[in-house]
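Note that the sequence shown covers residues 48 to 141 in this note's numbering.
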Amino acid sequence: MDDSLEDDYPGDAEWLLHVGDYKAEYLDDDARTLAEAMGGNLDMAVIIRGKRGLEEGLWWIEQEVPALEGLRPLDCLEDPKLIKRLRTGLMRMP
């Protein structure tokens with residue numbers, strides 16, 4: 048694919064600002080539970096907690112997501128390029 052989400056990643060500084068906005072309201076036990084399911088990725092988990100909630104978030108990270116080019120969010124956690132894809136997707140998610 049020519050235009051993957053990772054190509055539009057706005058950078059770590061913008062990511063950290065986005066995470067900070069969500070941490071203020073959604074950093075709680077539900078976010079920590081999601082982070083455990085995501086190998087300790089609390090920054091992504093807190094955004095998923097805010098946008099999806101715990102139950103739907105736990106379901107969503109196991110699903111193949113068209114915006115992630117058919118990968119599951121869990122599949123994106125080990126590769127730096129795919130982490131950027133997931134971060135960009137989370138930032139765009141309504």
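We put the CB at the ideal spot given by N, CA and C, even for glycine.
Assuming residue i is part of the alpha helix (DSSP H), what are its boundary residues?
i: R79; result: D76 to A84
i: M138; result: P127 to R139
i: L118; result: From DSSP, L118 is part of no alpha helix (DSSP H); its letter is neither H nor E.
i: V93; result: L89 to R99
i: G67; result: D59 to Y73
State the Cα-Cα distance for the pair residue i and residue j, rounded to the nearest angstrom.
i: E67; j: D54; result: Reading off the sequence shown, one finds Gly at residue 67, where the question assumed Glu. Distance between the alpha carbons of G67 and D54 is about 23 Å.
i: L121; j: L81; result: 11 Å
i: E72; j: W106; result: 21 Å
i: D59; j: K128; result: 13 Å
i: L74; j: A84; result: 15 Å
i: A78; j: G104; result: 9 Å
Short of 8 Å in beta carbon distance, which residues of its chain neighbour residue i, apart from the five on each side in sequence? Order them along the chain.
i: M48; result: Because the pLDDT at M48 is just 45, under 50, the model does not fix this residue reliably, and the value given afterwards should be weighed accordingly. These residues qualify, in order along the chain: E116.
List the whole-angstrom C-beta distance separating residue i from residue j, where the pair is believed to meet the contact cut-off of C-beta under 8 Å.
i: S51; j: R132; result: 6 Å
i: L137; j: I94; result: 5 Å
i: G97; j: L124; result: In fact, because the Cβ distance is near 19 Å, the residues do not count as touching under 8 Å.
Which residues in the same chain as residue i place their Cβ atom closer than 6 Å to its Cβ, once the five residues preceding and following it in sequence are excluded?
i: L89; result: A82
i: W62; result: R134
i: D126; result: none
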